[in-house]
Structure formats: C-alpha cells, structure tokens
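So my numbering is basically just the index in the sequence shown, starting at one, shifted up by 553.
We put the CB at the ideal spot given by N, CA and C, even for glycine.
Structure first, commentary second.
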Amino acid sequence: TSSVTYPNVLVLDYLKRTEQAKPEVQMKAEQYINVGYQRLLSFEVEGGGFSWFGNAPAHKVLTAYGLLEFHDMSRVHEVDPGVIRRTQAWLAGLQKADGTWEPDAGGISEGIINRQTDTLRVTAYITWMLAESGYEGPELAKALNYLEGKWRGEKDPYVLAVIGNAFVSAGSKEKVAGAVIDELAGLAVVEDKIAYWETQAPTF
Numbered sequence: 554t555s556s557v558t559y560p561n562v563l564v565l566d567y568l569k570r571t572e573q574a575k576p577e578v579q580m581k582a583e584q585y586i587n588v589g590y591q592r593l594l595s596f597e598v599e600g601g602g603f604s605w606f607g608n609a610p611a612h613k614v615l616t617a618y619g620l621l622e623f624h625d626m627s628r629v630h631e632v633d634p635g636v637i638r639r640t641q642a643w644l645a646g647l648q649k650a651d652g653t654w655e656p657d658a659g660g661i662s663e664g665i666i667n668r669q670t671d672t673l674r675v676t677a678y679i680t681w682m683l684a685e686s687g688y689e690g691p692e693l694a695k696a697l698n699y700l701e702g703k704w705r706g707e708k709d710p711y712v713l714a715v716i717g718n719a720f721v722s723a724g725s726k727e728k729v730a731g732a733v734i735d736e737l738a739g740l741a742v743v744e745d746k747i748a749y750w751e752t753q754a755p756t757f
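In structure tokens, the structure reads:
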C-alpha cells in the first residue's frame, strides 16, 4: 500500500508546488491517496505503532517510515493530526535512557528495513523521522546528543546522510550538521563530471 500511495503523495505535492497539477490529474491522485490513507490506518497496532498487517508487535523502523509518509501526505490530503501525535509519542516512548532506539527483531525484509541493522542506524533514522514530522519533545534532544557523540567513527555514507538529515530536520546544532555533511561530501568518489558514494551495505 505504501509503495503505491507514497509516490502519489510526493508527485502530487511536487505538481502542486510547481503549479503543474491539472484538475483531472489531481482528482485521480487524490482518490488514490485517499484509498491508500484509509488502508494505511488499518495497519496501526492496538497500543501504538504500525506493522505490516496490523498485528502486534509494531515495528519501530516501519512506524518511523509511516510517520514521515503521514507527515508528507498532510501537505496534499487531510490527515488526522492525532495519528501523527500518537505515532510520535509511541516512538518517543521506546527510547532508551542513553537516547537510542534498539533494532527490532523480525519483520519483513524489504527496502528501508534492511538498511537499519544496528543501534546507530536505527537511532539516526527514527531521530530524522521524528524531527522531520515536527516532534519537539525532550527525546529528540537526547537522540541528537547521542548522534553527536557517535557520528565521527562512521564511514558508511548512507548512515552519515541519515545522521545529517536528522540534524538538519531538527534545526539545531548547525555546526554538527555542517561537519557531518562535510564528512559525507569528503567520501564522494569524483570522476570527471560525476560524483557518487560507495557502500558495503545493500542498497534499495
């Protein structure tokens, strides 16, 4: 459901922002998004969070991904603010005392889930999703402090990019954000007029 709905959300948002949305295209996209939104809501687990089939246990990384999708969707479709607040609160409530989130056991192996394989990756990803969705609770500052103390030993450009996004989305610690981005830029492989990043982890 998300793999169909999310692209429609992002494309419609782009078309509206660039004033290219034709009425018939917008109407069809909104219909698809509405169906997808209702379906996504059915995957919320009793007690909080989301899973692939709506059954416990909820999955933290999948829930964080869903949080960003709902946030982005709210720019083009009515989204119940309570869903966003509940999801933010559920994720924040699972934070450890040191500011981290632990990886989930189990779940379906796919895309974004496969990339979050350790505490640093999971914490960076959830921090980014909370910050980007507008969460401002104390858990965000604790997570950013953890990331600030850990990013320098990281050499995977994907992880550095997620950490950089977390700091930029939070709008705090600008010097740290700049340093992370500089480190990421320094890892680029530059050949003639192109630049790319290499990683040992599988990409999607």
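C-alpha gap between residue i and residue j, whole angstroms
| i | j | result |
| --- | --- | --- |
| Pro-691 | Arg-592 | 32 Å |
| Ala-748 | Leu-737 | 12 Å |
| Asp-745 | Ala-642 | 47 Å |
| Gly-724 | Phe-596 | 31 Å |
| Asp-657 | Thr-680 | 16 Å |
| Leu-683 | Arg-639 | 12 Å |
| Lys-581 | Ala-574 | 11 Å |
| Asp-566 | Ala-694 | 30 Å |
| Tyr-590 | Thr-558 | 8 Å |
| Trp-605 | Asp-671 | 21 Å |
| Pro-634 | Met-626 | 11 Å |
| Gly-717 | Val-675 | 14 Å |
| Leu-621 | Val-742 | 30 Å |
| Lys-728 | Lys-613 | 29 Å |
| Glu-707 | Leu-647 | 24 Å |
| Asn-698 | Val-564 | 34 Å |
| Gln-753 | Glu-577 | 44 Å |
| Arg-705 | Asn-587 | 43 Å |
| Gly-601 | Leu-644 | 9 Å |
| Tyr-585 | Asn-561 | 8 Å |
For residue i, the residue or residues it bridges with in DSSP
| i | result |
| --- | --- |
| Glu-597 | Phe-603 |
| Ala-748 | Val-743 |
Rounded Cβ spacing between residue i and residue j (contact assumed at less than 8 Å)
| i | j | result |
| --- | --- | --- |
| Lys-569 | Val-629 | 6 Å |
| Phe-720 | Val-712 | Going by Cβ atoms, the distance from Phe-720 to Val-712 rounds to 13 Å, so no, they are not a contact pair. |
| Ala-611 | Val-598 | 4 Å |
| Tyr-678 | Val-715 | 6 Å |
| Leu-673 | Val-636 | With a Cβ gap of about 28 Å, Leu-673 and Val-636 do not count as contacting. |
| Ala-696 | Gly-731 | Contact doesn't hold; Cβ gap of about 19 Å is too wide. |
Any non-hydrogen atom of the ligand SAH closer than 6 Å to residue i Cβ
| i | result |
| --- | --- |
| Glu-692 | Among the ligands in the structure shown, none appear at all, so the ligand SAH cannot be discussed. |
Q: Return the chain-ordered ranges of every alpha helix (DSSP H) run that is complete within the stretch 669 to 741 and spans a minimum of 4 residues.
A: 672 to 685, 691 to 703, 710 to 723 and 727 to 739
Q.
At 4 residues or longer, what runs of the alpha helix (DSSP H) sit wholly inside the stretch 634 to 661?
A. Whole alpha helix (DSSP H) segments, 4+ residues: 634 to 646.
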